[in-house]
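Here's the structure, in structure tokens; my notes come after.
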Amino acid sequence: MDVLYFAWVRERIGLPRERIQTDAATVNDLVAELRAREDRYDMAFSDLGALRVALDQELSDFDASLAGVREVAFFPPMTGG
Numbered sequence: 001m002d003v004l005y006f007a008w009v010r011e012r013i014g015l016p017r018e019r020i021q022t023d024a025a026t027v028n029d030l031v032a033e034l035r036a037r038e039d040r041y042d043m044a045f046s047d048l049g050a051l052r053v054a055l056d057q058e059l060s061d062f063d064a065s066l067a068g069v070r071e072v073a074f075f076p077p078m079t080g081g
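In UniProt numbering, the protein residues as written are 1 to 81.
In structure tokens:
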């Protein structure tokens, strides 16, 4: 699965993207796996209210299933104007 990081999420983790192997069933499970890796992931995912997630380029939520998903993207909320 490809995991993409945008804006300050990318800055905190230090990577724009990575390919990972996971048994996570949901986005929340994936976040828990990532947070357990290193402090930089823990810091990036410390406030899920400040993040949005897209699964295969469609907005989703953190309770969503990862079954069949090829790409997960994490990014801050976007504002218009």
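A virtual CB, placed ideally from N, CA and C, is assigned to each residue, including glycine.
- Task: List the DSSP bridge partners of Arg19.
- Result: Per DSSP, Asp2.
- Query: By Cβ distance, which residues of its chain are closer than 7 Å to Arg70, with the 5 residues on each side in sequence left out?
  - Reply: Met1, Asp2, Asp56
- So, using beta-carbon positions, are Tyr5 and Phe75 closer together than 9 Å? yes
- Query: By a C-beta neighbour count over all protein chains shown, 10 Å radius and 16 as the cutoff for buried, is Ala50 buried or exposed?
  - Reply: Its Cβ having fewer than 16 others within 10 Å, Ala50 is exposed.
- Mind listing, in chain order, the continuous alpha helix (DSSP H) runs of no fewer than 4 residues lying wholly within the segment 17-55? Listed in chain order, the alpha helix (DSSP H) elements of length 4 or more contained wholly in the segment 17-55 are 27-37, 39-44.
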